[in-house]
């Protein structure tokens, strides 16, 4: 069956339907004109135009002024449905915009989920209680990829992302890297260890793409050690578990909770440390959005982060004799 109206005519009909609803609700053309804020002739012309497009009279004269014809009454139900659907659509869009404005995405490396990320979220929600935060965990490279694609509003990575004209970076703190070994390991009783002493050790490391792996590779290269790793993993706790089982030694940040399962030995090398930084986009986020609140928080200060040993200070690693 062919459509009764072409696209142009349908567009004109849709534009005039509010006049039909107003005339029906207000009981006349004059009252409808007042409600819609237009001159009375505008309502009369709209109704005449609508009748012409439909192909049937929509109004008839009666003792009180005008009333809907049968065709008008039939069309009125659909006109109300059209208005209701349009209002629902607009409301849905507004709600979506509100949700989008309240949403912010933060990407971070796995090891920052226990200390830094909770501190950042606590500070952000204090400023913007309605913020909806989407957390993305992954390797350093995947976090940077999300950031460069505009998916993440901010990233927490180590080493920090170099600042550019498109991104701001705040270096939060640095923490030492220690040699993690089993209690019965030959180096377990040492107060300090040289990297050169690891040449014959079975080494454990994160898989390529993780920030810690990049740092460890540079440390070993600087010490003249070039070898494959006995095991590679994607989680520091896994590597710590492998070390505790005597399956190798790992260069890791100190454990947050001390454990008798491993011994952490300070490494005698100035680069045996990792810096943790947060980066956010250089372009200002829309005013009033959660992303803007996050940018303001990060640009303002970094007192929100409970850094080990204090801001800018490198804490002493725990050792076990």
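Numbering (the UniProt record's numbering), first residue to last: 1 to 321. Quick reminder that beta carbons are idealized off the backbone N, C-alpha and C, glycines included. All figures in this text were calculated on a predicted structure; none of them were measured in a lab.
Give the range of the alpha helix (DSSP H) segment to which residue 241 is assigned. 236 to 244
Would you tell me roughly how many angstroms separate the C-alpha atoms of residue 224 and residue 280, rounded to the nearest one? 36 Å
Leaving aside the five residues before and after residue 13 along the sequence, list all residues of the same chain whose C-beta is less than 8 Å from its C-beta, in chain order. 5, 50, 53, 54
Spatial neighbours of residue 314 within its chain, please: CB distance less than 7 Å, with the 5 preceding and 5 following residues excluded, ordered by chain position. Per-residue confidence for residue 314 stands at a pLDDT of 27, beneath the threshold of 50, marking its modelled position as unreliable; the derived number appears in the next sentence. Excluding sequence neighbours, residue 314 sits near 174, 175, 176, 273.
Cα-Cα separation, residue 253 to residue 233: 15 Å
How big is the Cα-Cα spacing for residue 292 and residue 136? 19 Å
Using a Cβ-Cβ cut-off of 6 Å (strictly less than) and excluding sequence neighbours within five positions of residue 268, which residues of its own chain qualify? 192, 194
Please specify which runs of the beta strand (DSSP E), each continuous and at least 3 residues long, are wholly inside the stretch 149 to 195, giving them in chain order. 154 to 157, 167 to 176, 178 to 181
For the candidate residues 7, 39, 71, 11, whose alpha-carbon lies nearest to that of residue 24? 71
Can you tell me whether DSSP reads residue 275 as helix, strand or coil? strand
Residue 203 (DSSP reduced to helix, strand or coil): strand
Determine, using beta carbons only, whether residue 105 and residue 151 come nearer to each other than 8 Å. yes
DSSP state of residue 311 mapped onto helix, strand, coil: Note that residue 311 scores a pLDDT of 41, beneath 50, so its modelled location is shaky and nothing firm can be said.
Classify residue 258: buried if its beta carbon has 16 or more other beta carbons within 10 angstroms, exposed otherwise. exposed
Under 8 Å between the Cβ atoms of residue 164 and residue 240? no
Buried or exposed: residue 208, going by 16 or more other Cβ atoms within 10 Å of its Cβ? exposed
Inter-residue spacing [alpha-carbon to alpha-carbon] between residue 168 and residue 282: 6 Å
First through last residue of the beta strand (DSSP E) which encompasses residue 134: 132 to 137
Among 178, 62, 38, which has the Cα closest to the Cα of residue 212? 178
Taking only three categories from DSSP, how would you classify residue 251? strand
Terminal residues of the continuous alpha helix (DSSP H) containing residue 42? 40 to 54
Give the straight-line distance between the Cα atoms of residue 206 and residue 261, rounded to the nearest whole angstrom. 20 Å
Of the residues 231, 29, 36, the one placed nearest residue 62, counting alpha carbons only: 29
What is the C-beta distance between residue 155 and residue 108, in whole angstroms, given that I count them as a contact (C-beta under 8 Å)? 7 Å
By the 10 Å Cβ neighbour count, where 16 or more other Cβ atoms means buried, how is residue 111 classified, buried or exposed? buried
Please list, in chain order, all residues of the same chain as residue 200 whose beta carbon is under 6 Å from its beta carbon, the five residues on each side excluded. none
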